[in-house]
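K.L.:
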Amino acid sequence: IEVTFVERDGERRAVRGLIGENLLETAHRHDVELEGACEGSLACSTCHVVFEDEKVFETLPEACDDENDMLDLAYGLTATSRLGCQVTLERGALEGCVVILPRATRNFAVDGFVPKPH
1 IEVTFVERDG ERRAVRGLIG ENLLETAHRH DVELEGACEG SLACSTCHVV FEDEKVFETL
61 PEACDDENDM LDLAYGLTAT SRLGCQVTLE RGALEGCVVI LPRATRNFAV DGFVPKPH
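Its first residue numbered 1, the sequence shown is counted upward by one per residue in the UniProt record's numbering.
1) State yes or no: is the C-beta of Thr46 within less than 7 Å of the C-beta of Glu35?
2) Going by DSSP, what residue range makes up the beta strand (DSSP E) through Val49?
3) Straight-line CA distance for Phe5 to Glu95?
4) Give every residue of the same chain whose Cβ lies closer than 8 Å to the Cβ of Glu52, excluding the five residues on either side of it in the sequence, and list them in chain order.
5) Would you call the stretch 13–21 in contact with the stretch 61–80, where contact means no fewer than 3 C-beta pairs closer than 8 Å?
6) Nearest-angstrom Cα distance between Arg103 and Thr78?
7) Identify the continuous beta strand (DSSP E) that holds Glu2 and give its terminal residues.
8) Just tell me which of Leu24, Cys85, Ile1 and Ala93 has its CA closest to the CA of Thr59.
9) I'd like the list of long-range same chain contacts for Cys85, defined as Cβ closer than 6 Å, with 5 residues on each side in sequence excluded.
10) Let me know the secondary structure DSSP gives Arg91 once reduced to three states.
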């Protein structure tokens, strides 16, 4: 699945994502600078992304309460914000989607902390 990341400097990078992986994994596999301080354990908001197209955003499964709680902490929250670790690539509306990386993140991680997946 092709995904275009709009990096913090405005550069657009089109990459190929694998069906079943999430946006955070896709970004990391292609060296896109999407932070993931909690390594996808839904304990931070550093992988916050913004979907450029509202119609694509509306096709996504609804965010769970835990994701919404983390999004409340995200820098630059918008109506089309999601956490990259919670958006799984599937065929259909996500093909060719554009996600914008906000210009900043709020990283509250403590040095040496290793999150445990749940």
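Note that CB positions come from ideal geometry on N, CA and C, so glycine has one too.
P.N.:
In this structure, then:
1) yes
2) His48 to Phe51
3) 13 Å
4) Val6, Thr80, Cys97, Val98, Val99 and Ile100
5) no
6) 13 Å
7) Glu2 to Val6
8) Ala93
9) Asn22, Leu24, Gly40 and Cys47
10) coil
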